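Q: Residue numbers for the sequence shown, in this note's numbering: 1054 to 1320.
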Amino acid sequence: MNIIVCMKQVPATESKLTIVADGNDIDRSNLSFIVNPYDEFAVEEALQIKERLGAGEVTVLSMRQHESQKPEEALRTCLAMGADKAILLDGPAFHGGDSFTTATALTSAIQRLPFDLLLFGKQAVDDDGGTVGIQVAELLGIPHVAVVNKLEVHPVSRAVVAHRQVEDGIEVVEASFPVVITCQKGLNEPRYPSLPGIMKAKQKPLNTWTCEDIGIDPGRLGASGAKLKTLRVEPPPTRLTGRILDGDTSTAVKELVRILHEEEKLI
């Protein structure tokens, strides 16, 4: 079985974010980056499927969307976890796009690879869009099941049975290969790369593909092909600190009523 996992490198969640001078993006120049946490579930699921079947190949596919990203590091992490090979889409044409141009680029690359199963994280934690995997499925014209927290693979019948949490229970969906699955927390517990895995990862193939390699017009990618334009990025409003009212209960209650009436205009 051939499994492709699409992985995004995102800013580490503890990073302190600042906004660039023109106000339409965050400053990525000094950020540290990690494998998108939801994509770790996708990588782990691919590895477990391969281990259960005793055969197959796991390919991790990523794209450099900004110059400051270092997706090679994230891809090496996935290889150290146990993936067989990695492919990086790289070049200025890929920079500055949106979810649609990302899906377009990934689809063009995927069409050049053998695959039965495509795995994505349910969303990236930097933009929380959650649409790329579904868009890839639509562009490929294949079925997809989103936000899956349990997956059964049946290679003989070439189908999967996916379980997903819905508002009032569990929805169980069967789909035939090839199929896109987006992975939710709870699907598995991602492994840590072992020392032997880290050493082996240095010898595994990590290939770089340009837009010419995937046969796509650069005008369909990046900012040129984007359907969305970010007008402004703003930090969340500063959270106000609480106030402590001193004195006995009677005095504090009177002061609270005064504040609600005179200052907050709530009563």
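Cβ coordinates follow ideal geometry from the N, Cα and C atoms, glycine included.
Since the model is a prediction, treat every value here as computed from it, not as a measurement.
Is the distance from the Cβ of Met-1134 to the Cβ of Asp-1092 below 8 Å?
A: Going by C-beta atoms, Met-1134 is not nearer than 8 Å to Asp-1092.
Q: Going by alpha carbons, who is nearest to Asn-1260 out of Met-1116, Gly-1278 and Ala-1108?
A: Minimum Cα distance to Asn-1260 is reached at Met-1116.
Q: Which residues mark the beginning and the end of the alpha helix (DSSP H) in which Ser-1115 is found?
A: No alpha helix (DSSP H) holds Ser-1115; the beta strand (DSSP E) holding it covers 1110-1116.
Q: CB Gly-1333 to CB Val-1286, shorter than 8 Å?
A: Here the chain has residues from 1054 to 1320 only, and residue 1333 is not among them.
Q: Per DSSP, what are the beta-bridge partners of Gly-1272 in this structure?
A: None, per the DSSP bridge assignment.
Q: From this set, Gly-1150, Val-1111, Pro-1145 and Ala-1158, which residue's C-alpha is nearest Ala-1136's C-alpha?
A: Selected option, being the one with the closest Cα: Val-1111.
Q: Provide the residue span of the beta strand (DSSP E) that contains Thr-1006, from first to last.
A: In this structure the chain extends from 1054 to 1320, so residue 1006 is not present and cannot be described.
Q: Determine the extent of the beta strand (DSSP E) in which Gly-1300 is found, giving its start and end residues.
A: Per DSSP, Gly-1300 belongs to no beta strand (DSSP E) and is neither H nor E.
Q: Alpha carbons only, please: which of Leu-1313, Thr-1154 and Asp-1169 is nearest the one belonging to Val-1209?
A: Residue Asp-1169 is the option with its Cα nearest to Val-1209.
Q: Can you check whether the CB of Ala-1146 is closer than 8 Å to the CB of Leu-1274?
A: Taking 8 Å as the Cβ cut-off, Leu-1274 and Ala-1146 qualify as a contacting pair.
Q: May I have the straight-line CA-CA distance separating Gln-1062 from Asn-1055, to the nearest angstrom?
A: Roughly 23 Å between the two C-alpha positions.
Q: Which residues does DSSP list as the beta-bridge partners of Val-1096?
A: DSSP lists no partner for Val-1096.
Q: Short check: CB of Gly-1182 to CB of Ser-1152, under 8 Å?
A: Yes. Within cutoff.
Q: I'd like to check one pair, Ala-1254 with Leu-1142: are the Cβ atoms closer than 8 Å?
A: Not in contact: Leu-1142 and Ala-1254 (Cβ atoms no closer than 8 Å).
Q: Quick one: using the 10 Å Cβ neighbour count with 16 as the cut-off for buried, is Asp-1179 buried or exposed?
A: Under this definition Asp-1179 is a buried residue.
Q: If you run the structure through DSSP and keep just helix, strand and coil, what is Val-1213?
A: Strand.
Q: Where do the N-terminal and C-terminal ends of the alpha helix (DSSP H) with Phe-1153 fall, by residue?
A: Phe-1153 -> alpha helix (DSSP H) spans 1152-1163.
Q: When you compare the CB positions of His-1197 and Val-1219, do they come within less than 8 Å of one another, or not?
A: No, the Cβ-Cβ distance between His-1197 and Val-1219 is not below 8 Å.
Q: For the alpha helix (DSSP H) holding Thr-1130, just list the boundary residues, first then last.
A: Start and end: 1124-1134.
Q: Considering only the alpha carbon of each residue, which of Gln-1122, Asp-1078, Thr-1283 and Thr-1130 lies closest to Val-1370?
A: Outside the shown range of the chain (1054 to 1320) lies residue 1370, about which nothing can therefore be said.
Q: May I ask which residues mark the beginning and end of the alpha helix (DSSP H) holding Pro-1231?
A: Neither: Pro-1231 is in no alpha helix (DSSP H) and is coded neither H nor E.
Q: Please identify the residue among Ile-1297, Glu-1308, Ile-1234 and Leu-1128 whose C-alpha is closest to the C-alpha of Val-1189.
A: For Val-1189, the nearest C-alpha among the options comes from Ile-1234.
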